[in-house]
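Undergrad: Residue numbers for the sequence shown follow the numbering used here, so the first one is 56 and each next one is one higher. Just so you know, even glycine gets a beta-carbon here, dropped at the ideal spot from N, CA and C. It should be emphasised that the depicted structure is a prediction, and the values quoted were computed from it without experimental measurement.
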Amino acid sequence: GKSSALLFHDRMANDPDFYVFEHHRTGSGNTIDALPSLMTGCLPYTVKGMEYAHAEGRSIGYEFAENGYSTASFSSRTLDREMSRGKWRMLYDMLSGGMDKVE
């Protein structure tokens, strides 16, 4: 319950810059599925859903940037040409879109 995570519950209730996605669930351990779920709030099960989640501009980074927050994305994978144009391109906008800084 609440008593096992006092700091978490205090910040959730009192810190306007602390975001809790109460109804989110991890899509899967597969990055292609999990990242769209984490970054857009949409866990696509259909082709139409995948098209929605993978469309540029859906990542939460855009929402934060549009609302005046500084944004940054840190990736363990280099966001190079293979990421932006290769087989991982569907994830590139989610990792870099709307971000002031990308590392």
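Helix, strand or coil: which one does DSSP assign to V102?
TA: As a working mapping, residue 102 is identified with position 47 in the sequence shown. In this structure, V102 counts as helix in the three-state DSSP scheme.
Undergrad: Can you tell me which of the three DSSP states K156 falls into?
TA: Numbered from its first residue, the sequence shown carries residue 156 at position 101. Strand, per DSSP.
Undergrad: Would you be able to state if there are at least three C-beta pairs under 8 Å between the region 102-114 and the region 144-156?
TA: Judged by Cβ distances under 8 Å, the region 144-156 makes contact with the region 102-114, as three or more pairs qualify.
Undergrad: Just list the residues that DSSP pairs S128 with in beta bridges.
TA: Counted from its first residue, the sequence shown places residue 128 at position 73. Note: S128 sits in a beta bridge opposite V157.
Undergrad: Below 8 Å on the Cβ atoms is my guess for G158 versus A127; work out the distance and round it to an integer in Å.
TA: As a first step, residue 158 is located in the sequence shown; it is residue number 103 there, counting from the start. As a first step, residue 127 is located in the sequence shown; it is residue number 72 there, counting from the start. Per the sequence shown, the amino acid found at residue 158 is Glu instead of Gly. E158 to A127, Cβ: 7 Å. Contact.
Undergrad: Rounding to the nearest angstrom, what Cα-Cα distance links K103 and S130 in this structure?
TA: Working through the sequence shown from its first residue, we reach residue 103 at position 48. Working through the sequence shown from its first residue, we reach residue 130 at position 75. K103 and S130: Cα-Cα distance of roughly 27 Å.
Undergrad: Quick check: is any heavy atom of the ligand FMN less than 7 Å from the C-beta of L146?
TA: This structure lacks the ligand FMN, and indeed carries no ligand of any kind.
Undergrad: Can you find the residues in the same chain that come closer than 8 Å, C-beta to C-beta, to M138, ignoring five residues on each side of it along the sequence?
TA: Working through the sequence shown from its first residue, we reach residue 138 at position 83. Contacts found: R132, R144, L146, Y147, L150.
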